[in-house]
Each structure stands twice: as structure tokens, then as C-alpha cells.
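Encoded as C-alpha cells, the structure appears first; notes follow it.
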Amino acid sequence: MVDYYGMTNEIYPTKLEIHNNSKKSGGSSSEEDTDSAVEFIGNSKKEVIAKEWTTFQLVDNGNHGRRVKNYEIKLGENVKRIQIGWKYTNNEIKFNSKRRNTGTGVGDINFTYALDLTRSVYLINGKSDPLPAPFEYQKGTIIRSENYGQIWYVDDEIVYSTSNDKWEAITSDRSNLEGMCPMISIKGGMEITRIELEE
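Take the sequence shown: its letters are residues 440 to 638, numbered as in the numbering used here.
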């Protein structure tokens, strides 16, 4: 069940969609190949099994224009790699076209930042900052991003808080903030369990 803080999904709908830059960049993987590598569970478009390394974005599904401010995911079966984060630009961003476990994900490229539990690092524009301790994750692990990714929780414990200087670097160009969008790169299963939209 997705918690919208009193706003139902019918009023302010959001959905997960595959970020597939191969359609525009001429990458080698086709849309059909991408679709066969991802299984959406149910009609809500909030639970998926990614059989290959795939990047998703959580987007407005009704032209209501309200951006996501906080969100939470629960890991499912067979998670081999996970990076949960944000993009902060209105411009198109492109990940490399490599599949499997070798491709780039959110946080690995410019205009993105992410918590990478697999490598136990925080990523900003491809640069990594080691987390205080390595993390183990399993089916049922809950990861939450608050205030556009300033504070990160794993199973209700704060694991990272973005420093003021890093946050200022992200938010220095106010026009980029209009493009703020949650992104998740994963191989394995996950479900969006909580969403809070900005007022």
C-alpha cells in the first residue's frame, strides 16, 4: 500500500517507468529487449522485478505537476545491485548501454546522486563518498529518501545525511530543481511502499 499522506493515487497518480535512453541515443538494446527484462507486478506500476540491471524513474502519471519529495522502497527477491536516488536536471540524462551488472546507474553520472548499498557509498555525479559502515541488505529491507535525498534511512536508521556544501552544489542552479525526479537502478525485485508529494 502506498501512503500518499491523505492524497490518493487516483487524485495525484505516480508510476514507475523504465528510463530507456536507448530509444533516443541509438543504443543496442531495443524496447522489446528492455520490456522482457522487467516484470511489473499488478496494475499500480509500483512493484517490479528487474531481471537485468535497469534504471527506473518515479514520475507524474496524470499531469498534476506535483513532484515527489520523499519516497520509500522495499527490496524484494534476488537483489544483486541497488542504487536509489534522484536526478536534478530538466535535461535528458544518458546511462551507458551496457546491461547486466556492468552498466552505470543513478549517482554514477552527472546530474544524479544516490545511496549505493551494494558498494556502501553515497554517489554524487559519479564521485563516491564511503558510508560509515558496509551494509547488508535482504528481502524486506526498507530504504527511504527524505527531503529530495538530503536524508537517507535503511530500516528506519539514518545512514547518510547530505552535508550543506554538497547540498548547495546540487541546488545551486534553481532551474535544475524543477527536474528533480526519483530514480532507482536495480537488478532484482522492489516495491514503492511510500510516497510524499510536495505541497
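Heads up, the beta-carbon is just placed ideally off N, CA and C, and yes, glycines get one too.
Problem set entry | Reduced DSSP category for D604 - H, G, I as helix; E, B as strand; rest coil | helix
Problem set entry | Residues near V593 in its chain [Cβ-Cβ closer than 6 Å; skip 5 each side] | I582
For this session: State the start and end residues of the unbroken beta strand (DSSP E) segment that holds N517.
Result: Careful: N517 lies outside any beta strand (DSSP E) and carries neither H nor E.
For this session: Tell me, to the nearest whole angstrom, how far the beta carbon of G524 is from that of A553; I am working on the premise that it is less than 8 Å.
Result: 3 Å
Exercise. Touch check for the region 572–590 and the region 482–502: three-plus C-beta pairs under 8 Å?
Worked result: no
For this session: Give the DSSP bridge partners of Y576, in chain order.
Result: DSSP output for Y576 lists no bridge partner at all.
For this session: On a CA-only basis, which of M619, I625 and M629 is nearest N509? Give me that one, please.
Result: M619
Problem set entry | Per-residue DSSP class, three states only, for T632 | strand
Exercise. At a cut of 8 Å, does the region 553–569 reach the region 598–608 through at least three beta carbon pairs?
Worked result: yes
Exercise. What three-state label does DSSP hand T493 in the structure shown?
Worked result: strand
Exercise. Under the three-state reduction of DSSP, which class applies to T610: helix, strand or coil?
Worked result: helix
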